[in-house]
Structure formats: C-alpha cells, structure tokens
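Undergrad:
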Amino acid sequence: MWNFVEAAVRDVFRAYNFQEIRTPIFEATELFARGVGEETDIVSKEMYTWEDRGRAESDKGQSLTLRPEATAGIVRAYIEHKLGDRGLNKLYCIGPMFRRERPQKGRYRQFYQIDAEIIGPASAGSESPARDAEILEMLATLLDRLGIRDWNLELNSVGTPNDRAAFNEALRKALDPVKDKMCGDCQRRAVTNPLRVFDCKVPEDQPIIETLPRITQFLSEDSREHFEAVQEILKAVGVPFRINDRLVRGLDYYTRTAFEFTHGALGAQNAILGGGRYDGLSEALGGPAAPGIGFAIGEDRLVMSLKETAEGVLRKPDAYVAPMAGMNAAAARLARELRRHDLVVELGDDTFRLKKSFEAATKVGAKYILIVGENEVTADVFSLKNLATGEQVSVPRRELAARIRA
Ligand code: AMP
9 MWNFVEAAVR DVFRAYNFQE IRTPIFEATE LFARGVGEET DIVSKEMYTW
59 EDRGRAESDK GQSLTLRPEA TAGIVRAYIE HKLGDRGLNK LYCIGPMFRR
109 ERPQKGRYRQ FYQIDAEIIG PASAGSESPA RDAEILEMLA TLLDRLGIRD
159 WNLELNSVGT PNDRAAFNEA LRKALDPVKD KMCGDCQRRA VTNPLRVFDC
209 KVPEDQPIIE TLPRITQFLS EDSREHFEAV QEILKAVGVP FRINDRLVRG
259 LDYYTRTAFE FTHGALGAQN AILGGGRYDG LSEALGGPAA PGIGFAIGED
309 RLVMSLKETA EGVLRKPDAY VAPMAGMNAA AARLARELRR HDLVVELGDD
359 TFRLKKSFEA ATKVGAKYIL IVGENEVTAD VFSLKNLATG EQVSVPRREL
409 AARIRA
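Just so you know, we're using our numbering here: the sequence shown kicks off at 9 and counts up by one.
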C-alpha cells in the first residue's frame with residue numbers, strides 16, 4: 009500500500025516537473041527554531057533534541073534535532089546550494105518526521121510525510137497565484153488517482169505579516185473581555201499569539217470564537233487580489249474548494265494562501281495534508297528573498313484512508329511454481345523465464361508435498377499453480393491450474409507466459 013502511494017506520487021509529481029530532494033533526518037536545532045517558529049507547539053514542546061558529543065572540539069555541544077517537518081531543511085538546502093540560480097525549483101521529498109506527541113490513531117511520534125515545495129526568486133514567478141493553484145490542482149489529481157473520493161479542500165488567505173499585525177491587534181482587543189471564559193490554552197494564546205485561538209477544539213469555546221473578527225476582513229488589496237486569482241484558476245480547472253476563514257495553520261512563516269485537505273473516514277485526525285505560502289521564510293533563515301509555497305501530506309493517514317477503499321491495488325502473484333521432489337533447479341529455471349516476462353511469480357520448494365504446495369499457493373493468493381515434475385520437463389508441457397475456478401489446461405512452455413497473462 010505504501011509503495012502504491014509512493015509510486016503514484018512520483019508519477020503525478022513528475023507530470024508537474026517536480027524533482028526529488030533528500031535532506032538530512034537531523035539538522036541544527038536552530039534551523040527548526042527559526043524556520044518553524046519558537047512559540048509554535050512543534051518547537052516549544054514536540055522536538056526530539058540532543059546535544060552532540062562532538063568529534064571535533066567545534067562540534068561539541070552543538071544542539072541537533074530530528075526533523076519535525078521538511079520545509080525548513082529544504083529551504084536551508086536552497087540557500088546553502090544557491091538553488092535560486094536555477095530559477096524556479098519544484099522539489100519534493102518523502103520520509104520520516106518526528107514529533108513528541110501523545111500517540112493515538114493517526115498521530116505518531118515517527119510519521120511519514122510527502123512534502124513538495126515550489127520556491128525561487130520572484131523574477132522566476134514564484135510569487136504568482138498560478139503556482140498556488142498549480143499545487144492545489146496537483147494534489148486534487150493525486151487524490152483522485154489514488155481513488156480517494158470524498159476529500160475536501162479548505163482554503164484561506166492568512167495575508168502578509170502586515171495584514172496579520174492589524175488582525176492580531178483586533179483579535180487581542182476582541183479577546184480581552186472574553187478570554188477569562190475560555191480554556192487555559194486559549195488564555196495563553198490570547199496573550200502570546202491570538203491567531204492560534206482558531207486552532208482551539210474545545211466545544212465550550214466555539215461560540216466565543218464564532219464572534220471573533222476574521223483575517224479576511226484585514227487583507228490588503230494585494231493579498232485579496234492574490235487570493236481571488238487562486239480561486240479563479242481553481243474554478244477554471246474544476247477543482248472544488250470551500251473557504252474556511254478559521255484556517256490559520258500551526259506555523260508562523262505562512263503568508264497568503266493556506267490550505268488543508270480533509271477526509272471524512274479519518275475521524276478526529278481528519279487532516280490528510282496541509283500547506284501554504286511562506287514568502288518570508290528564506291529571508292528569516294538568512295537567505296535571499298525566495299517566495300515559495302508547499303505542502304506536507306501525512307502519508308500514514310493517506311494509507312489509512314486508502315485501506316477502506318482500495319482493495320485490489322496490491323498485486324498478488326500471477327503464478328505459484330510448485331516443484332515435485334528433486335525438481336528445484338528446473339522450477340527455478342521456469343520461474344526465471346516467467347519473471348522475465350514481468351509476471352509476479354512465487355516459487356515453492358521440492359520438499360513440499362502437492363497438498364502443501366496447493367495450500368501455499370492459495371495462501372499467497374496466486375492466480376495459477378504450475379506443477380513442475382519430471383514428466384512435464386521432459387515433454388516441455390506444463391499443467392496450469394486456475395486456483396479460483398479449478399480449471400486445468402496443458403500448455404507448452406513457450407506459451408505459458410502469454411497464457412498466464414491472458
Ligand atoms: P503539518 O506539518 O503539521 O502541517 O502536518 C501535515 C500533515 O502531516 C498533517 O495533515 C497530517 O496528515 C500529518 N501529521 C502531522 N503530525 C502527525 C503525526 N504526529 N502523526 C501522523 N501524521 C501527522
């Protein structure tokens with residue numbers, strides 16, 4: 009199932025001209041602290057961090073962290089290797105991420121993400137709403153391709169840092185008289201980072217949150233135009249979406265477009281993927297201006313939502329080759345021939361009695377069983393038995409592959 013997902017990902021992403029980048033599993037703690045944001049939950053309580061014992065004196069005491077997400081590492085690589093010289097970069101990466109979470113269904117401390125980013129100098133068009141729409145359309149294509157039908161795309165704009173400053177001000181004012189009636193987390197957020205109040209899942213807080221101002225009321229003309237342009241393209245290419253003006257995302261560096269795809273079958277942890285634009289991230293990490301947009305798919309959850317729908321994506325063996333006593337070598341030759349014709353073949357062992365071979369063939373779900381005995385080898389004709397129907401035919405060796413495929 010994981011291979012099925014990753015093969016589809018590579019195939020679809022290639023059609024959009026993305027290339028794979030592999031970044032290290034751990035990097036300097038400082039990268040994530042700056043790239044993800046000091047006051048985020050991820051950095052403040054979820055990272056696996058340790059001090060390097062150091063080989064060289066200069067490494068000693070360096071703080072290292074298992075990557076909690078992929079974007080910071082990719083942008084670090086973009087800066088370090090001057091990838092901006094190549095113009096627009098379309099990069100993806102598949103691998104494990106680590107967060108200290110309370111494990112539950114769909115939430116793990118080591119989990120897998122499929123991450124993609126479009127990043128480059130503004131002169132290469134990296135700021136264009138066309139890139140936002142392209143990424144969203146690619147995701148819709150991927151989910152359709154995987155056979156995931158009931159996904160929802162939720163879309164918002166979180167504006168520029170300037171827009172957000174005004175919004176934060178208004179939020180603080182609105183929260184001030186009501187925050188005492190809210191949960192402990194919200195009381196803290198109201199002071200440190202009022203935007204995060206929208207992440208609150210506590211039912212009693214929801215009526216209060218409903219009355220708060222929304223970011224959409226504070227978007228500058230530029231941000232509004234960008235947001236509308238994205239929507240216009242999505243409509244033109246036929247990708248359905250829903251505006252969710254409470255969607256603020258967990259990370260600090262997001263600008264303008266923010267989005268999430270959810271899936272009904274997943275329950276409380278229903279977000280399969282999230283992403284957005286992060287125009288200021290490269291500069292925050294000490295690099296050149298490099299607007300970008302990206303997303304991270306939770307691969308564990310994607311696989312989970314597939315399990316219900318995608319029976320039959322796994323290819324069962326086409327044939328089980330069953331050697332009679334002393335026939336291992338002849339059976340190996342036959343199996344090799346069939347596998348070279350791109351058939352999936354399971355090979356038995358000549359110590360198995362016929363009954364055991366049939367049981368083994370049935371257990372692996374093979375379509376056919378092929379008995380290899382002395383008579384068959386001498387005649388160069390084999391009996392091919394369909395395990396589902398019981399039908400049995402004699403087939404010359406050279407016609408076997410075509411017959412099995414048919
Ligand atoms: P984030 O990087 O927090 O935006 O998460 C992107 C996606 O990764 C989410 O939509 C989830 O599908 C997945 N994800 C995040 N944290 C976890 C976790 N602890 N376990 C499993 N999947 C996760």
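Backbone N, C-alpha and C define an ideal beta-carbon position, used for all residues, glycine too.
Return the bridge partner residues of P331 from the DSSP annotation.
TA: V380
Undergrad: By DSSP's criteria, T265 is part of a beta bridge. Which residues make up the other side?
TA: S165
Undergrad: Can you tell me where the alpha helix (DSSP H) with F12 in it begins and where it stops?
TA: 10-23
Undergrad: Mind reading off the beta-carbon distance from I87 to G294? Whole number of angstroms is fine, and I expect it under 8 Å.
TA: 7 Å
Undergrad: Below 8 Å between beta carbons: does that hold for Y261 and G103?
TA: no
Undergrad: Contact defined as beta carbons within less than 8 Å: I believe S228 pairs with T168. What is the distance between those atoms, to the nearest angstrom?
TA: 6 Å
Undergrad: Can you tell me whether DSSP reads Y86 as helix, strand or coil?
TA: helix
Undergrad: Pick helix, strand or coil for L227, following the three-state DSSP scheme.
TA: coil
Undergrad: Count the C-beta pairs between the segment 205-217 and the segment 116-131 that are closer than 8 Å, then say yes if the count reaches three, no if not.
TA: no
Undergrad: Fully enclosed by the segment 139-209, which beta strand (DSSP E) runs are 3 residues long or longer?
TA: DSSP runs (the beta strand (DSSP E)) wholly in the segment 139-209: 159-165.
Undergrad: Does the distance from the C-beta atom of E291 to that of A279 stay below 8 Å?
TA: Not closer than 8 Å, so no.
Undergrad: Quick check on the DSSP output: the beta strand (DSSP E) that includes R285 runs from which residue to which?
TA: 279-285
Undergrad: Can you name the start and end residues of the alpha helix (DSSP H) that V311 belongs to?
TA: 307-315
Undergrad: Looking at G43 and ligand 1, is the gap between the Cβ and the nearest heavy atom below 7 Å?
TA: no
Undergrad: Please look up how many angstroms separate the CB atoms of A343 and I379, rounded, as I've assumed it's under 8 Å.
TA: Going by Cβ atoms, the distance from A343 to I379 rounds to 13 Å, so no, they are not a contact pair.
Undergrad: Assign T359 to buried or exposed, taking buried as 16 or more other Cβ atoms, counted over all protein chains shown, within 10 Å of its Cβ.
TA: Taking all protein chains shown into account, T359 has fewer than 16 neighbouring C-beta atoms within 10 Å of its C-beta and is therefore exposed.
Undergrad: Using 8 Å as the cut-off, can you tell me whether the segment 322-337 makes contact with the segment 141-154, which would need three or more C-beta pairs spanning the two stretches below that distance?
TA: no
Undergrad: Are there three or more Cβ pairs, one per stretch, closer than 8 Å when the segment 9-29 is compared with the segment 50-63?
TA: Flag = no, the segment 9-29 and the segment 50-63 do not touch.
Undergrad: At the level of alpha carbons, what is the spacing between G306 and E367?
TA: 38 Å
Undergrad: Please state whether DSSP places L342 in a helix, a strand or coil.
TA: Note: L342 maps to helix in three-state DSSP.
Undergrad: CB-CB under 6 Å to R347, same chain, minus the five flanking residues each way: which ones, in chain order?
TA: V353
Undergrad: Whole angstroms are fine: how far does the CA of T370 sit from the CA of R376?
TA: Just to set this straight, residue 376 is Tyr in the shown sequence, not Arg. Going from the Cα of Y376 to the Cα of T370 covers about 9 Å.
Undergrad: Find out if the Cβ-Cβ distance for the pair P76, M55 is shorter than 8 Å.
TA: yes
Undergrad: Can you check DSSP and say which residues form a bridge with V389?
TA: Bridge partners of V389: P404.
Undergrad: Who pairs with K98 in a beta bridge, going by DSSP?
TA: I126
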